[in-house]
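S.K.: Please read through the structure below; I'll follow up with questions.
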Amino acid sequence: MNESQLSGTRVLVVGLARSGRSAVEVLVSRGASVVAFDRDDALDTGRLRELGVELHLGHEEEKLLQGIDLVVKSPGVPGSTTLVAGARTRDIPVWGEIELGARLLSNPMLGVTGTNGKTTTSELLGEVFRAADRPVEVAGNVGRPLTSLVGSVAADAWNVCELSSFQLEDVETLRPTIAVLINLEPDHLNRHGSFESYAKTKLRMFERQSAEDTAVVPRGFGVVPGDGRRVEFHADDELPADPRIPGPHNRENAAAATAAARAAGIADDAIASALRTFAGVPHRIELIREVRGVRYVNDSKATNVAATRRALASFPGSTLHVILGGRGKSEPYGPLAAAFGPGDRAYLIGEAAGEIAAALDSACVPYVHAGELRLAFAEATSNATAGDVVLLSPACASWDQFDDYEARADLFRRLVEALS
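Here it is as structure tokens:
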């Protein structure tokens, strides 16, 4: 089935968060008959009902697959769920929302993936294109569904698309003109089962590239699938300008963005302008406020060990009070504990607190079992003195106590702003 055959088909959309709702909108606009399912029976479904969608909320039942020609799933929906697994058993095609968008958009795509730095690099590339006066849209895992661009994006615009491993699980025709891999470290092992499986999923972005396309990868990285022209980068590369955003990890992001922008034919003066002015993205090593000499930094987007280790390395010379924990991803926490410096202290929340505590004990890192964010914040604030940093960098997903990492960050911000 291809995009021209959507009219008249019966499509089941599984998962009705941002990506799923966007997929519903575009499918209806293409003449498909849409059935939609989500486990949350308290969703606001007003707009979906206006569109004439057949809605099913709550319990997942295979009978919903009867008469279905195509399943479109949101990235947060695992392939092991009843409806997705049942569709594959019945040989019903399963597309991710990204695959649907890729089939409906003919614009050149600049795909960005990696374990950490994807959002920063994608948004930086958007700034680079705008500095060069080149039309661009930034979508994908940044929070803007790719399908939302269908029918609204200029024909000559580039689509910079951040691609997570969850989104790359269900692609078939996706072929970025330029594909960027920033880095590759263990993450989401609770979903993918192993680092090997996770890495293979990430590299699917390159599979359909041809000699006309470009693969941008870290210097010395191994073979990637596909036949794109290979361009390598490194954090030590000479850049057109020093990036405004601090930290060695952001030097890596800037080097990746520079290599990709040059592959797109953008001149160094435009790249330099963006590097000098780009201030970073919310929730990623974001200074909220300084109170009595203590800096309060929101890094809620750090949902794995590698991301938090990068955050810990971003404040040399400062004593850190780090709020850690949430729902773990089956990662070892030993490397995280080893990244703490003398005088640093941890404040533990969420389901993974016990596992993190065991690693911190082994490394002789002091910590407080706070349980939840408000208490962790209060403990950290009471212990911090001028020159210190109170850092929310959880190394875990948020879903045990929050709807998402943004909700976790919002509470942290409110607590900081309430300080006298």
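The sequence shown maps to residues 14 to 433 in this note's numbering.
Glycine included, each C-beta is placed from N, C-alpha and C at the ideal position.
As the structure is a computational prediction, the values presented were derived from the model and not from experiment.
1) With a 10 Å radius around its C-beta and 16 neighbouring C-beta atoms as the bar for buried, classify M122 as buried or exposed.
2) So, at 8 Å on beta carbons, what are the nonlocal neighbours of S438 in its own chain, with the 5 sequence-adjacent residues on each side left out?
3) State the start and end residues of the unbroken beta strand (DSSP E) segment that holds Y346.
4) Compute the Euclidean distance between the alpha carbons of F208 and P348, then round it to the nearest angstrom.
5) Is T394 near the ligand ADP, judged by its Cβ being under 8 Å from some heavy atom?
6) Where A30 and L83 are concerned, what is the direct C-alpha to C-alpha distance, given to the nearest angstrom?
7) Of all the beta strand (DSSP E) runs that stay within the bounds of the stretch 254–318, which reach a length of 3 or more residues?
8) For the alpha helix (DSSP H) holding F142, just list the boundary residues, first then last.
9) Could you tell me the distance, in whole angstroms, from the CA atom of I336 to the CA atom of A391?
10) Roughly how many angstroms lie between the CA atoms of T321 and I195, to the nearest whole one?
11) From the DSSP output, read off the bridge partner residues of R23.
12) Near T22, which residues of its chain fall below 8 Å by C-beta distance, leaving aside the five closest residues on each side in sequence?
13) Can you tell me whether L56 is helix, strand or coil according to DSSP?
14) Quick one: grab the DSSP three-state call for R340.
15) What residue from V294, G241, R242 and N266 has the CA that sits closest to D250's CA?
16) In three-state DSSP terms, what is R426?
17) Residue range of the alpha helix (DSSP H) that R103 falls in?
18) In the stretch 374–421, which residue ranges form an unbroken beta strand (DSSP E) of at least 3 residues, counting only runs that do not cross its ends?
19) Between the C-alpha atoms of V237 and V229, what's the straight-line distance to the nearest angstrom?
20) Could you give the C-beta distance for N172 and E140, rounded to a whole number, given that I count them as a contact under 8 Å?
21) Short of 6 Å in beta carbon distance, which residues of its chain neighbour E299, apart from the five on each side in sequence? Order them along the chain.
22) Taking its Cβ as the centre, do 16 or more other Cβ atoms sit within 10 Å of H247, making it buried, or is it exposed?
23) CB-CB under 8 Å to D103, same chain, minus the five flanking residues each way: which ones, in chain order?
24) Is it buried or exposed for G114, if we count other Cβ within 10 angstroms and need 16 for buried?
25) Could you name the residues of the same chain whose beta carbon sits closer than 8 Å to that of R387, not counting the 5 residues immediately before and after it, in chain order?
26) Got a sec, what are the start and stop residues for the beta strand (DSSP E) K86 sits in?
27) The alpha helix (DSSP H) spanning F208 covers which residue range?
28) Could you say if the stretch 393–403 and the stretch 366–375 meet the contact criterion of at least three C-beta pairs nearer than 8 Å?
29) According to DSSP, simplified to helix, strand and coil, what is E67?
30) With DSSP as the reference, please indicate the residues paired to A228 in a beta bridge.
31) In the structure shown, what three-state DSSP assignment does M14 receive?
32) Taking the C-alpha atoms as reference points, what is the distance between V155 and S161?
33) Taking only beta-carbon atoms, is I369 less than 9 Å away from chain B?
34) What is the C-beta distance between E110 and P88, in whole angstroms, given that I count them as a contact (C-beta under 8 Å)?
35) Decide if the stretch 322–329 is in contact with the stretch 285–294; the criterion is three or more beta carbon pairs, one per stretch, under 8 Å apart.
36) Can you tell me the Cβ-Cβ gap for A365 and G339, rounded? I've got them flagged as a contact below 8 Å.
M.R.: On the basis of the data shown:
1) Counting from one through the sequence shown, the residue named residue 122 turns up at place 109. So M122 counts as buried.
2) This structure leaves residue 438 out entirely; the chain is present only between 14 and 433.
3) For the purposes of this step, residue 346 is identified with residue 333 of the sequence shown, where counting begins at 1. Neither: Y346 is in no beta strand (DSSP E) and is coded neither H nor E.
4) Working through the sequence shown from its first residue, we reach residue 208 at position 195. Working through the sequence shown from its first residue, we reach residue 348 at position 335. Rounded to the nearest angstrom, the two C-alpha atoms are 16 Å apart.
5) Absence of the ligand ADP from the depicted structure is noted, as is the absence of any ligand whatsoever, leaving it without description.
6) Along the sequence shown, read from residue 1 onward, the residue named residue 30 stands at position 17. Along the sequence shown, read from residue 1 onward, the residue named residue 83 stands at position 70. Their backbone Cα atoms lie some 19 Å apart in a straight line.
7) List check, beta strand (DSSP E) in window: 299–304 and 307–311.
8) Mapped onto the sequence shown, residue 142 falls at position 129. In the DSSP annotation of this structure, the continuous segment of the alpha helix (DSSP H) that includes F142 starts and ends at K131 to A144.
9) The residue you call residue 336 lines up with position 323 of the sequence shown. The residue you call residue 391 lines up with position 378 of the sequence shown. So the two alpha carbons sit approximately 11 Å from each other.
10) Within the sequence shown, the letter at position 308 stands for residue 321. Within the sequence shown, the letter at position 182 stands for residue 195. The C-alpha of T321 lies about 16 Å from the C-alpha of I195.
11) Numbered from 1 along the sequence shown, position 10 holds the residue referred to as residue 23. When DSSP reads this structure, R23 sits in a beta bridge with S46.
12) Counting from one through the sequence shown, the residue named residue 22 turns up at place 9. Closer than 8 Å at the Cβ level, and outside the excluded window around T22, lie M14, A45, S46, D82 and L83.
13) Here residue 56 refers to the residue found at position 43 when the sequence shown is read from its first residue. Three-state result, L56: coil.
14) Walking along the sequence shown from the start, residue 340 turns up at place 327. If DSSP states are grouped into helix, strand and coil, R340 belongs with the strands.
15) Within the sequence shown, the letter at position 237 stands for residue 250. Looking from the CA of D250, the closest CA among V294, G241, R242 and N266 belongs to N266.
16) Within the sequence shown, residue 426 is the residue found at index 413, counting from 1. R426: helix per DSSP, three-state reduction.
17) What you label residue 103 is simply residue 90 of the sequence shown in a count that begins at 1. Counting along the chain, R103 falls outside any alpha helix (DSSP H), and DSSP gives it neither H nor E.
18) At a cut-off of 3 residues, the continuous stretches assigned as beta strand (DSSP E) that sit fully inside the stretch 374–421 are 380–384 and 402–405.
19) Position 224 of the sequence shown, counting from 1, holds the residue named residue 237. Position 216 of the sequence shown, counting from 1, holds the residue named residue 229. Taking the straight line from one Cα to the other gives about 10 Å.
20) As a working mapping, residue 172 is identified with position 159 in the sequence shown. As a working mapping, residue 140 is identified with position 127 in the sequence shown. Incorrect: roughly 15 Å between the Cβ atoms, too far for contact.
21) Taking the sequence shown and counting its residues from 1, one reaches residue 299 at position 286. Taken in chain order, the residues that qualify are N311.
22) By 1-based counting over the sequence shown, the position of residue 247 is 234. By the 16-neighbour rule on beta-carbons within 10 angstroms, H247 is exposed.
23) What you label residue 103 is simply residue 90 of the sequence shown in a count that begins at 1. In the sequence on display, residue 103 carries Arg and not Asp. Cβ neighbours of R103 beyond the five flanking positions: L78.
24) Counted from its first residue, the sequence shown places residue 114 at position 101. A buried status is given to G114, since no fewer than 16 other beta-carbon atoms sit within 10 Å of its beta-carbon.
25) Counting from 1 along the sequence shown, the entry for residue 387 is found at position 374. Here the set comprises L424 and L428.
26) Within the sequence shown, numbered from 1, the residue matching residue 86 stands at position 73. Where K86 is concerned, the enclosing beta strand (DSSP E) stretches over L83 to K86.
27) In the sequence shown, residue 208 corresponds to position 195, counting from 1. Per DSSP, F208 belongs to the alpha helix (DSSP H) from F208 to K215.
28) Taking a cut-off of 8 Å on C-beta distances, the stretch 393–403 does not touch the stretch 366–375, as fewer than three cross pairs fall below it.
29) Walking along the sequence shown from the start, residue 67 turns up at place 54. Reduced to three states, the DSSP call for E67 is strand.
30) As a first step, residue 228 must be located in the sequence shown, where it is residue number 215. DSSP output for A228 lists A192 and R243 as bridge partner(s).
31) Along the sequence shown, read from residue 1 onward, the residue named residue 14 stands at position 1. If DSSP states are grouped into helix, strand and coil, M14 belongs with coil.
32) Taking the sequence shown and counting its residues from 1, one reaches residue 155 at position 142. Taking the sequence shown and counting its residues from 1, one reaches residue 161 at position 148. Going from the Cα of V155 to the Cα of S161 covers about 13 Å.
33) Here chain B cannot be found, since the structure has a single protein chain.
34) Taking the first residue of the sequence shown as 1, we reach residue 110 at position 97. Taking the first residue of the sequence shown as 1, we reach residue 88 at position 75. The C-beta distance from E110 to P88 rounds to 7 Å, short enough to fall under 8 Å.
35) These segments do not touch.
36) Here residue 365 refers to the residue found at position 352 of the sequence shown. Here residue 339 refers to the residue found at position 326 of the sequence shown. Rounded, the Cβ-Cβ distance is 6 Å, consistent with contact.
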